[in-house]
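Asks: Quick one: this structure, given as structure tokens, is what I'll be asking you about.
Residue numbers (our numbering): 815 to 939.
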């Protein structure tokens, strides 16, 4: 039982470290892209950051779920449950932001295509 406990604890810590690594790596990549775009706001960069944060949170959530196996007291369960609920809520909000940003980008593309079509029609007159 003690060996299983140690393995599960190690795996949960590993998942949380991997979550932190993903979040830091994506943040550095997006920050670098933002600097090289000369501080212009870019929806694609926001989308990349949101996707990276969502992925990192999912790994962290997996680590917390694994940790539920190790709980021995009711107080630990309440604390861990609160952490899981907060991380799940953050994940839902980030996924909503991703879908909202994707919809905005698609709307912008449609508007640009309509403008191009109108400009071509005006040139052909």
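All C-beta atoms in this analysis are idealised placements derived from N, C-alpha and C, irrespective of residue type, glycine included.
Considering just the uninterrupted stretch of the alpha helix (DSSP H) at residue 869, what are its terminal residues?
Replies: Residues 857-881.
Asks: In the DSSP assignment, the alpha helix (DSSP H) including residue 829 goes from what residue to what residue?
Replies: Here the alpha helix (DSSP H) through residue 829 covers 816-850.
Asks: Cβ of residue 826 within 9 angstroms of Cβ of residue 878?
Replies: Yes, these two residues count as a Cβ contact at 9 angstroms.
Asks: Below 9 angstroms between beta carbons: does that hold for residue 857 and residue 907?
Replies: Not in contact: residue 857 and residue 907 (Cβ atoms no closer than 9 angstroms).
Asks: Between residue 881 and residue 838, what straight-line distance do the alpha-carbon atoms span, to the nearest angstrom?
Replies: Taking the straight line joining both Cα atoms gives about 23 angstroms.
Asks: Taking residue 949 as the reference, which of 871, 885 and 859 has the closest Cα?
Replies: No answer is possible for residue 949: it lies beyond the span of the chain, which begins at 815 and ends at 939.
Asks: Quick check on residue 886: does DSSP put it in helix, strand or coil?
Replies: Of the three classes helix, strand and coil, the one that applies to residue 886 here is coil, per DSSP.
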